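Participant:
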Amino acid sequence: MKAIVIDGAGGPEVLKIKEVPDPKAGDGEVVVKIVAAALNRADVMQRQGNYPPPAGASLIPGLECSGTIDSVGHGVTQWKVGDEVCVLLGGGGYAEKVNVPAVQVFPVPKGVSLRDAAAIPEVACTVWSTIFMTCHLKQGESFLIHGGGSGIGTFAIQIAKAKGAKVLVTAGSDDKLKKCLELGADVGINYKKEDFVERVKAETGGKGVDVILDIMGAPYLPRNIKALAIDGRLFHIATQGGTIGEIDLNAVIYRRLTVTGAGLRARETDKKGEIVQEVLKNVWPEIEAGKVKVIIDDVLPLANASKAHEVLEASTHFGKILLTV
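Just so we're aligned, residue -1 is where the sequence shown starts under the working numbering, counting upward by one.
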């Protein structure tokens, strides 16, 4: 099959399309014939040599895709050849086929095209497992999303609103903020023009927000702590701005704050299966009801993976970028 391989750590130009062996369905696995794969920041980090795949995962980039079941392994009873699915991966999405544990496979939501469904699994599992399963965001609470125009951000806005939260977002352009507000965000903050802490305090009557989803890491850490309400929860899913930061422990202690983080990719298959089931139960109905829409910014052919990475790194996109096979 054809697949995108990383020909040495570096810029987008190291992504090369090559012939590689077809995957086989092991016990408890299926092989998916891929229609589309979605890009994530983790793909860029892997390409740069900063985020190696976990042990046993494919070296081919790509953490989510959609397609049809091509074959099933021993013990798989919930899927059959020809089923249309979208898939949470540990790697391997930038290819014509991929093998994956059957517990990480979703049916395509009603009302979503097979192609566009590629943009759902990674963001849905990331947002639901962090903000709802871990931080327990509840109806009536306030929620700050950094990077509101990203794939994670556009999804988090919609699912948080669907579950009754007040949503604040940061972004680096007024155009992106306008689109975030159109998706349902209550407050848009241009971090290039104003201090998000002051704006958060103003919008919450001085209280601060209950939950923050952060992608920046070190440079935002002190300000995120200041922006949290009593019993607030800060969750890190990326460190785009740096990994080492200072924290005011007195604020954490006296205001009973929780500061945590997690990656999804390296989790055990059983845990991913649990998250998939929670997403099917709590998120899929919102998608099928039209409350959460798939936001696609650009679609390019698999052979143009380098160009797709250039678009992603430029941060001019809004929503997800897809590669079609």
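Where a beta carbon is used, it is the ideal one built from N, C-alpha and C, also for glycine.
None of these values were measured; they are calculated from a predicted model.
1. For residue 71, which option in 47, 32, 91, 22 has the closest C-alpha, if you only look at C-alpha atoms?
2. How would you write the range of the alpha helix (DSSP H) that residue 174 sits in, first residue to last?
3. Do residue 58 and residue 89 come within 9 Å of each other at the CB atom, strictly closer than that value?
4. Under the rule that 16 or more other beta-carbon atoms within 10 Å means buried, what is residue 307, buried or exposed?
5. Taking residue 240 as the reference, which of 27, 60, 48 has the closest Cα?
6. Counting pairs of Cβ atoms below 8 Å between the region 135 to 147 and the region 77 to 94, do you hit three or more?
7. Just confirm the distance between the C-beta atoms of residue 320 and residue 40, as a whole number of angstroms; I'd bet it's less than 8 Å.
8. For residue 254, count the other beta carbons within 10 Å of its own beta carbon; 16 or more makes it buried, fewer makes it exposed. Which is it?
9. Return yes when the Cβ of residue 64 is within less than 9 Å of the Cβ of residue 29, no when it is not.
10. Are the region 73 to 80 and the region 115 to 126 touching, with three or more C-beta to C-beta distances below 8 Å?
11. Have a look at residue 208 and residue 197 and give me their C-alpha separation to the nearest angstrom.
12. Between the alpha carbons of residue 55 and residue 323, how many angstroms are there, rounded?
13. In the region 218 to 271, which residue ranges form an unbroken beta strand (DSSP E) of at least 3 residues, counting only runs that do not cross its ends?
14. Residue ranges of each alpha helix (DSSP H) run of no fewer than 4 residues wholly in the region 103 to 189, ordered along the chain?
15. Considering only the alpha carbon of each residue, which of 13, 66, 138 lies closest to residue 43?
16. Return yes when the Cβ of residue 186 is within less than 9 Å of the Cβ of residue 175, no when it is not.
17. Would you call residue 97 buried or exposed, if buried means 16 or more other Cβ atoms sit within 10 Å of its Cβ?
18. For residue 193, count neighbouring C-beta atoms within 10 Å of its own C-beta (all shown protein chains included) and say buried if the count is 16 or more, exposed if not.
19. Which residue marks the beginning of the beta strand (DSSP E) containing residue 53, and which one marks its end?
20. Considering only the alpha carbon of each residue, which of 140, 195, 156 lies closest to residue 178?
21. Determine the burial state of residue 212: buried for a count of at least 16 other Cβ atoms within 10 Å of its Cβ, exposed for fewer.
22. From this set, 6, 158, 234, which residue's C-alpha is nearest residue 184's C-alpha?
23. Tell me the rounded alpha-carbon separation between residue 238 and residue 316.
Facilitator: Considering the structure as presented:
1. The shortest C-alpha separation from residue 71 is found at 22.
2. 172 to 181
3. yes
4. Counting Cβ neighbours within 10 Å, residue 307 comes out buried, since at least 16 surround it.
5. 48
6. The answer is no - the region 77 to 94 does not touch the region 135 to 147, with fewer than three Cβ pairs under 8 Å.
7. Contact flag wrong, Cβ pair sits at about 16 Å.
8. exposed
9. no
10. no
11. Looking at the two C-alpha atoms, the distance is approximately 15 Å.
12. 21 Å
13. 226 to 234, 256 to 259
14. Runs of the alpha helix (DSSP H) inside the region 103 to 189: 119 to 125, 149 to 160, 172 to 181.
15. 13
16. yes
17. When all chains shown are included, residue 97 counts as buried.
18. exposed
19. Here residue 53 belongs to no beta strand (DSSP E), and DSSP marks it neither H nor E.
20. 156
21. Buried: at least 16 other Cβ atoms inside 10 Å.
22. 158
23. One C-alpha to the other measures close to 17 Å.
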